[in-house]
Every structure is written in structure tokens, then in C-alpha cells.
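K.L.:
Chains as they are written, first to last, in the UniProt record's numbering: chain A, 1 to 108; chain B, 1 to 108.
1. Looking at the unbroken alpha helix (DSSP H) that takes in residue 43 (chain B), where does it start and where does it end?
2. Taking Cβ-Cβ distances below 8 Å as the criterion, which residues of the region 89 to 102 of chain B are in contact with chain A?
3. When you compare only the Cα positions, how much space is there between residue 9 (chain B) and residue 15 (chain B)?
4. When you compare the CB positions of residue 31 (chain B) and residue 20 (chain B), do they come within less than 9 Å of one another, or not?
5. Applying the criterion that 16 or more other CB atoms from any shown protein chain within 10 Å of the CB defines a buried residue, is residue 43 (chain A) buried or exposed?
6. Beta-carbon of residue 58 (chain A) versus every beta-carbon of chain B: anything under 9 Å?
7. Which full runs of the beta strand (DSSP E) of 3+ residues lie inside the UniProt domain "LOB" (9 to 108) of chain A, going along the chain?
8. Within 10 angstroms of its Cβ, does residue 50 (chain A) collect 16 or more other Cβ (buried), or is it exposed?
9. Of all the CB atoms in chain A, is at least one closer than 9 Å to the CB of residue 87 (chain B)?
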């Protein structure tokens with residue numbers, strides 16, 4: 001009687017939101033039940049309705065990348081509520097600047 | 001009769017949300033009326049209630065940086081709904097990798 005249908009195993013989003021995971025659920029392909037924290041973070045930072053709207057405005061083949069980038073941003077914001085992933089951007093910008101400064105004398 | 005009090009000039013957030021901007025409004029110091037797009041972006045991507053919650057969990061001196069990083073992320077997501085500011089992180093990581101590869105032969 002085992003089945004992989006979403007009726008038996010709701011996706012992480014529907015489980016979190018305590019709702020029935022229907023066939024065609026927009027979250028199910030991107031929030032598998034074995035990764036509950038991924039949806040919890042995205043929900044905390046962006047909210048389920050904002051993410052639903054965003055996914056509905058994208059083409060299906062763009063949605064996986066979008067969810068993964070949202071999950072990355074959300075996790076960064078949970079870890080660092082002040083700077084989120086903008087902290088990583090500042091760090092990388094300083095690293096690029098530092099490397100360019102190091103290289104300059106070598107190129108003269 | 002001119003006054004700079006928030007009674008006369010609601011902040012961009014309260015104007016957007018069509019509500020009275022009360023003294024002590026948590027948004028007012030960071031969303032001045034002359035920058036309406038800043039709040040519109042943050043509202044579209046994160047939602048006003050999520051931002052309120054996040055600001056309330058921070059110390060007052062951390063809130064300006066938090067709002068500015070949220071505004072940066074929101075603007076990036078409005079411009080690029082698939083990758084948002086994670087696109088900038090990928091670009092910078094490739095730039096660092098490229099510079100390190102360029103430097104390697106110079107250091108041998």
C-alpha cells in the first residue's frame with residue numbers, strides 16, 4: 001500500500017502549514033518532507049503567500065533556482081538577522097578589492 | 001503651522017499601508033516619505049508584518065543596517081525574481097576564484 005503520492009506524505013510546506021498537500025501543490029517539488037528547515041526558514045523570512053506569488057509569476061523551469069536562492073537568503077537572515085546574505089556580499093567585495101590590490105604591483 | 005511631526009507627514013511605510021503614522025512608528029526612522037520605492041520593495045518581498053517582527057527582535061542601533069540590507073535584498077529580488085542578490089554572490093565568488101587562479105602562477 002506504500003505510495004509516494006503527496007496524499008500520504010505531505011511536502012514540508014503543507015506539513016508546516018498544517019494543510020492537505022494536494023496534487024499540483026506549488027511547493028511540493030521544492031520542499032521535500034525530509035528538509036523541514038528549508039521551508040521553516042523561507043516561511044519565517046518571506047512568508048508563504050509572498051513565496052507562492054513569486055513562484056506563480058515564474059516559469060516552471062525557473063522555480064527550483066528561485067526556491068534555492070530564497071532558501072539561501074532565508075537561512076542567511078535567520079543566522080544573521082541584521083545583515084543576512086548582504087554580509088556575504090560585503091565580505092566578497094572586500095576580498096575582490098584585496099586581491100586586486102595585491103595583484104596591482106605584480107602587473108606593473 | 002509647519003511641523004516635521006509624523007502627524008503631518010507619514011513615513012513611506014504608513015503612507016503605503018494607508019495607516020496613521022503614530023509617534024514611535026517602528027518604520028518611520030528608516031522609511032522616509034521621499035523614498036517610497038524602498039518600502040514598496042521591502043513590502044512586496046518580505047511583507048510588512050515579517051519586517052516588523054524582525055525589527056522588534058533587534059536592538060534599536062541595529063535596525064538601520066537591517067532595514068538597509070533588507071531593502072538591498074528586496075530591490076535585487078524585484079530586479080531578478082529568480083536569483084535575487086544570490087546572483088551577486090555567485091558573480092563575486094567566480095570573480096574571487098578567477099583572481100586567485102590568475103595570481104597562482106605569480107606566487108610560484
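Where a beta carbon is used, it is the ideal one built from N, C-alpha and C, also for glycine.
P.N.:
With the given structure in hand:
1. Sequence index remark: in the second chain, residue 43 (chain B) carries index 43 (1-based). First-last of the alpha helix (DSSP H) with residue 43 (chain B): 36 to 45.
2. So the list reads 89, 92, 93, 95, 96, 99, 100 and 102, given in the order they occur along the chain.
3. Position 9 of the second chain, counted from the first residue, corresponds to residue 9 (chain B). Position 15 of the second chain, counted from the first residue, corresponds to residue 15 (chain B). Roughly 9 Å between the two C-alpha positions.
4. In the second chain, counting from the first residue as 1, residue 31 (chain B) sits at position 31. In the second chain, counting from the first residue as 1, residue 20 (chain B) sits at position 20. Not a contact, by the Cβ cut-off of 9 Å.
5. Sequence index remark: in the first chain, residue 43 (chain A) carries index 43 (1-based). Buried, because 16 or more other Cβ atoms sit within 10 Å of the Cβ of residue 43 (chain A).
6. Here residue 58 (chain A) refers to the residue found at position 58 of the first chain. Yes - at least one Cβ of chain B is within 9 Å of the one on residue 58 (chain A).
7. none
8. Working through the first chain from its first residue, we reach residue 50 (chain A) at position 50. Under this definition residue 50 (chain A) is a buried residue.
9. Taking the second chain and counting its residues from 1, one reaches residue 87 (chain B) at position 87. Residue 87 (chain B) counts as touching chain A.
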